[in-house]
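Visitor: In terms of my numbering, the sequence shown opens at residue -13 and continues consecutively.
Ideal Cβ positions, reconstructed from N, Cα and C, are used throughout, including at glycine.
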Amino acid sequence: MGEAQLQQDGILEIHAHIITYGAASDADVTVQIRDEIEAMWNEPEALVHLDGRAYRPRFRISAEWRPGIGELEVLANTDPRNNYFRIEDYVDGNISFVDGLGCNTGFFKRENLLPGWTTAAHEFGHTLGLDHPADLDLRGKGRPGIMYPRGTLVDPEFQYDPSKPAGATGGTMHPMHRRVL
-13 MGEAQLQQDG ILEIHAHIIT YGAASDADVT VQIRDEIEAM WNEPEALVHL
37 DGRAYRPRFR ISAEWRPGIG ELEVLANTDP RNNYFRIEDY VDGNISFVDG
87 LGCNTGFFKR ENLLPGWTTA AHEFGHTLGL DHPADLDLRG KGRPGIMYPR
137 GTLVDPEFQY DPSKPAGATG GTMHPMHRRV L
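Structure, rendered in structure tokens:
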């Protein structure tokens, strides 16, 4: 989640604050998550049209590591900028997730947060209310967008293993190829 402000200079500024905690969290992964989200969501230099005027979205992401945060503090939060991501070595279902579209809490598997794997940027999209696309067969359609989930069928150059047939182990989208388009 975040808070948007229209600026006089044609910028639509979106502020979000990432708070990490959990047994597998640390200051370094917190900075990495912040950097990934801000860089990826600012990369397209897109335009948003509101009331006949064009605005350039600019994401401003801050972050802090809060290893001792209590459950009550997370549940009592009323600041729409705050996003709480628990990071553990084991996650039920073996995959990172947020608790729902437009929700500001999530559970990340540390292994999914390898540099360049785009997990944090993808899950941040869910906090903004974005869902996975319905069509998960992108073969012949180019680079996958940030909201495509693992398991999406893609051209070989975007797979975990380009030598594998589509859909086989290794023959699905490697998340490092996702981009905010």
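#1: Do Pro53 and Tyr7 have their C-beta atoms closer together than 8 Å?
#2: Please confirm if the region 92 to 107 is in contact with the region 6 to 26, defined as three or more CB-CB distances below 8 Å between the two stretches.
#3: Helix, strand or coil for Arg39? Go by DSSP, reduced to three states.
#4: Let's test the definition: count the other Cβ atoms within 10 Å of the Cβ of Val166 and tell me whether it reaches 16, buried, or not, exposed.
#5: Relative to the alpha-carbon of Ile19, which residue among Phe110, Phe144, Glu59, Asp117 has its alpha-carbon at the smallest distance?
#6: How close, in whole Å, do the beta carbons of Ala(-10) and Ile47 come, if the pair is a contact with beta carbons under 8 Å?
#7: If you measure between the beta carbons of Ala13 and Trp51, is that distance less than 8 Å?
#8: Three or more C-beta pairs under 8 Å: does that hold for the region 139 to 147 against the region 111 to 130?
#9: Here's the rule: buried if 16 or more other CB atoms are within 10 angstroms of the residue's CB, otherwise exposed. What is Thr158?
#10: Can you tell me which of the three DSSP states His1 falls into?
#11: In chain order, what are the residue ranges of uninterrupted beta strand (DSSP E) at least 3 long that sit wholly in the region 12 to 67?
Guide: Quick answer:
#1: Against a cut-off of 8 Å, the Cβ pair of Tyr7 and Pro53 comes out as a contact.
#2: Yes: the two stretches touch, three or more of their Cβ pairs being nearer than 8 Å.
#3: Note: Arg39 maps to strand in three-state DSSP.
#4: Under this definition Val166 is a buried residue.
#5: Cα-wise, what sits closest to Ile19 is Phe110.
#6: A Cβ-Cβ separation of about 13 Å leaves Ala(-10) out of contact with Ile47 under the 8 Å criterion.
#7: Here Ala13 is near Trp51, since their CB atoms are less than 8 Å apart.
#8: Yes: the two stretches touch, three or more of their Cβ pairs being nearer than 8 Å.
#9: Buried.
#10: Under the three-state reduction of DSSP, His1 is assigned to strand.
#11: Entirely contained in the region 12 to 67, the beta strand (DSSP E) runs reaching 3 residues are, in chain order, 34 to 36, 39 to 51.
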